[in-house]
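Step one of this worksheet: look at the structure below.
2 protein chains.
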Amino acid sequence: MNTINIQEKFSKFSEHWSPKILGEVNDSYVKAVKFQGEFVWHHHDHEDEMFLVVRGRMRMKFRDHEELVGPGEFIIVPRGVEHMPVADLETEVLLFEAKSTLNTGNVTNERTQPQLEHI
Amino acid sequence: MNTINIQEKFSKFSEHWSPKILGEVNDSYVKAVKFQGEFVWHHHDHEDEMFLVVRGRMRMKFRDHEELVGPGEFIIVPRGVEHMPVADLETEVLLFEAKSTLNTGNVTNERTQPQLEHI
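For the protein sequence lines, the chains are C and R, in the order given. Under our numbering, the first residue of the first sequence is numbered 5, with each subsequent residue one higher. Under our numbering, the first residue of the second sequence is numbered 5, with each subsequent residue one higher.
Below is the structure:
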């Protein structure tokens with residue numbers, strides 16, 4: 005039951021596309037992740053995902069359009085929907101998602117992070 | 005699958021202690037709420053709650069201490085733990101919590117909000 009400072013947590017790591025666990029709320033984790041460049045097209049069969057931008061700006065690409073998400077904005081990607089986050093510059097994002105969520109969803113590649121660090 | 009601007013949502017209402025639903029992620033709601041003054045001592049038997057301050061500053065009182073939570077900070081209150089949020093000035097807070105969560109937990113009084121508006 006301690007206050008968590010989000011910027012202080014982001015200062016603890018520099019890797020991109022490697023979510024860190026900041027806390028748990030019921031069956032969900034709150035995660036911090038830095039995006040830069042393109043991720044990978046994927047979907048999650050059973051999990052919705054929330055992306056809240058705290059610094060920078062990202063584009064969430066869908067097959068039929070894309071959404072810009074800037075600081076103080078969030079987007080919720082429903083389960084089953086193919087998506088790919090893209091960040092032209094480094095972007096800091098809070099994730100709120102089910103504990104079972106794998107970052108690359110239905111895809112396994114070099115970006116897949118099955119074990120996440122708690123920071 | 006639209007981008008949600010948090011400040012734009014907070015501009016839509018002025019009541020205190022009346023959470024509004026901004027979105028759903030799996031079994032959780034994302035809510036916006038404005039705090040001012042003291043709430044009520046309560047706990048939730050089965051639900052953890054996350055409070056993320058976006059503007060202002062609050063104190064989360066526990067029976068044995070209190071935590072200051074400012075902009076860009078959050079606190080997670082585990083199920084079963086008695087707490088009372090206090091905000092000396094108006095404070096805007098994002099909540100992440102199970103859909104089943106009642107704002108006053110085990111207490112029912114004039115602050116209880118069984119039906120929440122989606123904005």
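Each residue gets a CB set at the ideal place from its N, CA and C atoms; glycine is no exception. Nothing here was measured: the structure is a model prediction, and the numbers come from that model.
Rounded separation between residue i and residue j - CA only
| i | j | result |
| --- | --- | --- |
| E94(R) | N110(C) | 43 Å |
| V57(C) | P75(C) | 5 Å |
| F17(R) | V97(R) | 13 Å |
| H50(R) | N6(R) | 31 Å |
| H69(R) | R63(R) | 10 Å |
| N9(C) | F39(C) | 19 Å |
| G60(C) | I123(C) | 21 Å |
| E42(R) | M88(R) | 7 Å |
| L26(R) | L106(R) | 16 Å |
| E121(C) | E12(C) | 16 Å |
| H48(R) | H47(C) | 33 Å |
| I79(R) | R67(R) | 16 Å |
| T112(R) | E19(R) | 19 Å |
| R83(C) | M54(C) | 11 Å |
| W21(C) | S15(R) | 33 Å |
| E77(R) | E77(C) | 16 Å |
| S104(R) | D92(R) | 28 Å |
Residues bridged to residue i [DSSP beta-bridge criterion]
| i | result |
| --- | --- |
| K38(C) | E96(C) |
| S32(R) | V29(R), A102(R) |
| K65(R) | E70(R), M88(R) |
| K24(C) | A36(C) |
| R59(C) | E96(C) |
| V44(R) | Looking at the DSSP assignment, V44(R) forms no beta bridge with any residue, so it has no partner. |
| F78(R) | I8(C), L56(R) |
Cutoff 8 Å: residue i Cβ touching any chain R Cβ
| i | result |
| --- | --- |
| M88(C) | no |
| N110(C) | no |
| E51(C) | yes |
| G84(C) | no |
| D92(C) | no |
| E114(C) | no |
| V37(C) | no |
| S32(C) | yes |
| E70(C) | no |
| G60(C) | no |
| G41(C) | no |
| F66(C) | yes |
| E19(C) | no |
| V44(C) | no |
For residue j and residue i, believed in contact at Cβ under 8 Å, the rounded distance
| i | j | result |
| --- | --- | --- |
| W45(R) | E101(R) | About 18 Å; that fails the 8 Å criterion. |
| D31(R) | V29(C) | At roughly 11 Å, the Cβ-Cβ gap does not stay under 8 Å, so D31(R) and V29(C) are not in contact. |
| L72(R) | P23(R) | Incorrect: roughly 21 Å between the Cβ atoms, too far for contact. |
| K65(R) | V90(R) | 6 Å |
CB contact below 8 Å: residue i versus chain C
| i | result |
| --- | --- |
| I123(R) | no |
| T95(R) | no |
| L148(R) | In the structure displayed, chain R extends from 5 to 123; residue 148(R) sits before or after that span and is not available. |
| Q11(R) | yes |
| I8(R) | yes |
| I80(R) | yes |
| F14(R) | no |
| E77(R) | yes |
beta-carbon residue i near the ligand FAD non-hydrogen atom, thresh 7 Å
| i | result |
| --- | --- |
| Q11(C) | Annotation note on the ligand FAD: not contained in the displayed structure, which lists no ligands. |
- Message: If contact is defined by three or more beta carbon pairs under 8 Å, each pair taking one atom from either stretch, is the region 35-46 of chain C in contact with the region 104-120 of chain R?
- Response: Between the region 104-120 of chain R and the region 35-46 of chain C, the count of Cβ pairs shorter than 8 Å is below three; the stretches do not touch.
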